[in-house]
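**Q**
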Amino acid sequence: MVQSIGICMILAVTTLTGAYFCLREKYRLQDLRELERAMVMMESQIRFLSVPLSEVLENISYQTKGQVGMLMQETAKAMAERTGETAEQIWETVWMRHISHTYLSVDDYQSILRFGKTLGYLDQEQQKNSTELFLTELRQKCRQIERRLEKNGRLYYSMGFLGGLMLVIVLL
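First residue of the sequence shown: 1, per my numbering; consecutive thereafter.
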């Protein structure tokens with residue numbers, strides 16, 4: 001009886017571990033898509049409106065969901081306070097403070113921080129080009145994750161279950 005419960009628990013935990021790896025990639029893709037959506041809005045507002053960056057980020061924050069929207073709102077608020085920090089410093093501070101609250105990878109954060117270095121320094125045309133470059137990078141990452149999920153999505157679940165099955169056999 002106790003042995004059966006132990007076997008079931010091992011199989012459940014290892015299967016859920018496989019599901020975790022699959023879902024982590026799905027949530028990362030979701031965060032990247034929301035960031036991409038925010039950057040498209042930023043690009044269009046930079047192109048067609050002549051408003052301060054803090055207002056652009058605030059407008060974007062109302063239209064985006066999840067952590068990305070919250071990060072945009074916090075960045076806009078910090079920029080509006082005019083504490084003497086540059087847009088780059090504010091962007092980096094806000095994103096670094098919330099690293100653990102998203103599913104983004106270290107590589108994603110490096111790209112985001114690299115984009116943040118261009119904020120506030122460039123003229124309208126250069127900022128638009130910088131945003132387009134960042135958008136291209138985001139879209140490429142999204143395609144890579146989609147391909148990886150197509151290829152490995154079921155594999156994560158299966159490997160979790162089979163790893164648990166192997167562990168049960170070894171323990172018996």
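Note that CB positions come from ideal geometry on N, CA and C, so glycine has one too.
Taking the CB atoms as reference points, tell me whether GLU36 and LEU171 lie closer together than 8 Å.
**A** no
**Q** Using the three-state DSSP reduction, which class does MET70 fall into: helix, strand or coil?
**A** helix
**Q** Specify, as a first and last residue, the run of the alpha helix (DSSP H) that LEU162 falls within.
**A** 124-171
**Q** Excluding five sequence neighbours on each side, which residues of the same chain lie with their C-beta closer than 7 Å to the C-beta of CYS22?
**A** GLY153, TYR156, TYR157
**Q** Give me, in chain order, the residues of the same chain whose beta-carbon lies closer than 7 Å to that of LEU138; leave out the 5 immediate sequence neighbours on both sides.
**A** LEU32, LEU35, GLU36, MET39
**Q** How big is the Cα-Cα spacing for THR102 and LYS117?
**A** So the alpha carbons of these two residues sit roughly 21 Å apart.
**Q** Report yes if the C-beta distance between ARG28 and LEU133 is below 8 Å; otherwise report no.
**A** no
**Q** Between THR86 and GLY120, what straight-line distance do the alpha-carbon atoms span, to the nearest angstrom?
**A** Spanning the alpha carbons of THR86 and GLY120 requires a straight line of approximately 7 Å.
**Q** For the stretch 72-87 and the stretch 47-62, state whether three or more C-beta atom pairs, one from each stretch, are separated by less than 8 Å.
**A** yes
**Q** For GLN73 and THR93, I'd like the C-alpha separation in whole angstroms.
**A** 13 Å
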